[in-house]
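Participant: The sequence shown begins at 0 in numbering that gives the first Met the number 0 and counts up one residue at a time. Heads up, the beta-carbon is just placed ideally off N, CA and C, and yes, glycines get one too.
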Amino acid sequence: MKKRISTLLALLLAVSLVPVTVGARTEDEPHTHKICADADCPDNHEVKTWTAWDSSSALPNEAGYYYLTNDIITENGVNVVDGVYICLNGHIIQSVGKGTVTLTATPACDNCGLTDCTDTVHKFSEREDGLWVLDEENGDIPIEGAAIIGSMLIASDIMFEMYNINAVGDDGAGIFLYSRGKVLLEKCGISGNNGSHALNAISPVELRDCIICANRCDSAVRVSNEFKIGGRITIDANINADGKSCNLELREGRTVTIAEPLSEYSYIGVSAEAVPTIGNPISVTGANGEDYSAYFHSDNYNYMIVNGENNVVQLTEVNPKTYPYTINSLKLVSASGEEYDEIPTDKGFIVDMDVTKVADRSGQDYFIVAAYGENGTLVSLNYIKADLPTGTSFSCGVNMPKTDELIDTVKAFVWDGLGTATPLAQSVEI
Ligand SMILES: [Zn+2]
Ligand SMILES: [Zn+2]
0 MKKRISTLLA LLLAVSLVPV TVGARTEDEP HTHKICADAD CPDNHEVKTW TAWDSSSALP
60 NEAGYYYLTN DIITENGVNV VDGVYICLNG HIIQSVGKGT VTLTATPACD NCGLTDCTDT
120 VHKFSEREDG LWVLDEENGD IPIEGAAIIG SMLIASDIMF EMYNINAVGD DGAGIFLYSR
180 GKVLLEKCGI SGNNGSHALN AISPVELRDC IICANRCDSA VRVSNEFKIG GRITIDANIN
240 ADGKSCNLEL REGRTVTIAE PLSEYSYIGV SAEAVPTIGN PISVTGANGE DYSAYFHSDN
300 YNYMIVNGEN NVVQLTEVNP KTYPYTINSL KLVSASGEEY DEIPTDKGFI VDMDVTKVAD
360 RSGQDYFIVA AYGENGTLVS LNYIKADLPT GTSFSCGVNM PKTDELIDTV KAFVWDGLGT
420 ATPLAQSVEI
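#1: Taking all protein chains shown into account, decide if Ser-54 is buried (16 or more other Cβ within 10 angstroms of its Cβ) or exposed.
#2: Please classify Asn-279: does DSSP put it in a helix, a strand, or coil?
#3: Ligand 1: which residues have Cβ under 6 Å from any of its heavy atoms, chain order?
#4: Spatial neighbours of Arg-207 within its chain, please: C-beta separation below 6 Å, excluding the five flanking residues on both sides.
#5: With C-beta atoms as the reference, is Lys-346 less than 9 Å away from Asp-298?
#6: Which residue marks the beginning of the beta strand (DSSP E) containing Val-204, and which one marks its end?
#7: My output table needs one value for Ser-223: the three-state DSSP class, helix, strand or coil.
#8: So for Val-14, helix, strand or coil by DSSP?
#9: What would DSSP say about Ser-155, mapped onto helix, strand or coil?
#10: Could you spell out where the beta strand (DSSP E) holding Thr-391 opens and where it closes?
#11: Taking 8 Å as the cut-off, is the C-beta of Thr-117 nearer than that to any heavy atom in ligand 2?
#12: Report yes if the C-beta of His-296 is less than 8 Å from at least one heavy atom of ligand 2; otherwise report no.
#13: Who pairs with Ile-429 in a beta bridge, going by DSSP?
#14: Which value, in whole angstroms, describes the spacing of the CA atoms of Val-21 and Gly-168?
#15: Can you tell me which of Cys-187, Asp-118, Leu-249 and Asn-192 puts its alpha carbon nearest to the alpha carbon of Ser-150?
#16: Any idea what DSSP makes of Asn-309, helix, strand or coil?
#17: Taking only heavy atoms of ligand 2 into account, decide whether any of them is closer than 8 Å to the Cβ of Ala-52.
#18: What three-state label does DSSP hand Tyr-371 in the structure shown?
#19: Rounded C-beta distance between Thr-315 and Tyr-302? I'm assuming under 8 Å.
#20: Under 7 Å Cβ to Cβ from Phe-412, same chain only, skipping five residues before and after it: list those, please.
#21: Can Tyr-66 be considered in contact with ligand 2, in the sense that its beta carbon sits closer than 8 Å to one or more heavy atoms?
#22: With distance defined between alpha-carbon atoms, name the residue in Tyr-365, Lys-356 and Ala-358 nearest to Gly-418.
#23: Taking all protein chains shown into account, do 16 or more other C-beta atoms lie within 10 angstroms of the C-beta of Ser-361, making it buried, or fewer, making it exposed?
#24: Span of the beta strand (DSSP E) holding Leu-247?
#25: How big is the Cα-Cα spacing for Ser-262 and His-296?
#26: What would DSSP say about Ser-292, mapped onto helix, strand or coil?
#27: Using beta-carbon positions only, say whether Ala-38 and Asn-163 come within less than 9 Å of one another.
#28: Any heavy atom of ligand 2 closer than 8 Å to the CB of Cys-86?
#29: Indicate the three-state DSSP secondary structure (helix, strand or coil) for Ile-210 in the structure shown.
#30: Which residues in the same chain have their Cβ closer than 8 Å to the Cβ of Glu-74, if we skip the five residues on either side of it in sequence?
#31: On the CB-based measure, 16 or more other CB atoms within 10 Å of its CB, does Arg-221 come out buried or exposed?
#32: Output the boundary residues of the beta strand (DSSP E) element that contains Lys-181.
#33: For Lys-384, collect the residues of the same chain with a Cβ closer than 8 Å to its Cβ; drop the 5 residues on either side in sequence, then sort them by chain order.
#34: Using a Cβ-Cβ cut-off of 8 Å (strictly less than) and excluding sequence neighbours within five positions of Pro-400, which residues of its own chain qualify?
#35: When every heavy atom of ligand 2 is checked, does at least one fall within less than 8 Å of the C-beta of Trp-49?
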């Protein structure tokens, strides 16, 4: 796995994370380029003249356009303040302190940004736990462009923009977005980080032409706010500590907005907090003018991507299971028929199960009610054996006398036999 990711990554970075090179400069020539360092930029960026910044430990705290002439190594992190735009000029900003945030763009940064106009290569080696460590001598993972090594906290109030920068090798939090304003990441790479999330999008963000891969996180990108993408987006080959795919995770019912058309070779692995069920797919994107479903894939083998109505990219079940029986309801009642909301702890109760046979099937099947204790231990198991005509329903009541053990869960299921235990209905539990 390790080898595969590194090779894939090197390839991906080589083909598409190549910032536009402005050309070799001599010492005396002014450092001029647009913020995006893209001569053919379709946006109306102006060409700026950038002032040399020679510090190797701090960033400027007066508004202006600067370019680094040295790597910045920090113990307590550096802060991008309002009106400061920095061209990293191929350099790195690295945290060597324990548990520090390497770079912050705090609320004082109403408008600020980072860019890089070079194709400088930095080399990294992959540690056992997936973390990329700077290793200019012997590293086998080349990264093109400037790199911020360590975590970033972005809490800009108006606009934070970042072009051609790699956020690499943080073993804590990657990029944490907590902005009230707009955050734009263009032609950026987020790789070789581990921990909870390489990009934690608690606040809105827009990604254009970005690559997020080879992170070892609970989920590489966690989306719980507006999330816009466009251009060539790769969020792939990210795994968690158990080796499972965990790329883009949609939380709190959030979807991805395709703000600008996705380009060819975009590839985005998706999972969602919500679970798609039969007839209830989950929206991955909003409505689109065209079918983008080929650019998405499911991180979970039980689900797959489909193109829904209005070209909404959706997650749906691979093989919706059709069972011969449906458990319509499962209730806990007293001997006098009074229904309990919770499992009674001080007295026995009756479990009422209502079932319909919805598909043809012959033979006696087992309608089972089981009670489990706090640690999942089986406290009691009762069943009824029956061969029902298709289309009929029946209810049964199973008595659960008071036991010494606390009952935590009551579950109903239908099996073809106790030994074979093939499920014939979606189980229901209380
Ligand atoms: Zn531009
Ligand atoms: Zn520059």
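Facilitator: This is what the structure holds:
#1: exposed
#2: strand
#3: Lys-33, Cys-35, Asp-37, Cys-40, Asp-42 and His-44
#4: Glu-185, Gly-229 and Gly-230
#5: no
#6: 204-207
#7: coil
#8: Because the pLDDT at Val-14 is just 43, under 50, the model does not fix this residue reliably, and the point stays unresolved.
#9: coil
#10: Where Thr-391 is concerned, there is no enclosing beta strand (DSSP E), given that its DSSP letter is neither H nor E.
#11: yes
#12: no
#13: Ile-429 is not bridged to any residue.
#14: Low per-residue confidence applies at Val-21: pLDDT is 49, beneath 50, and the placement is therefore not dependable, though the value from the model is reported in the following sentence. Taking the straight line joining both Cα atoms gives about 27 Å.
#15: Asn-192
#16: helix
#17: For clarity, residue 52 is Trp in the given sequence; the question names Ala instead. Flag unset: Cβ of Trp-52 not near ligand 2.
#18: strand
#19: 6 Å
#20: Ile-367, Pro-422, Ala-424 and Ser-426
#21: yes
#22: Tyr-365
#23: exposed
#24: 247-249
#25: 16 Å
#26: helix
#27: no
#28: yes
#29: strand
#30: Ser-94, Val-95, Gly-96 and Thr-99
#31: buried
#32: 181-185
#33: Gln-363, Asp-364, Tyr-365 and Phe-366
#34: Gly-347
#35: yes
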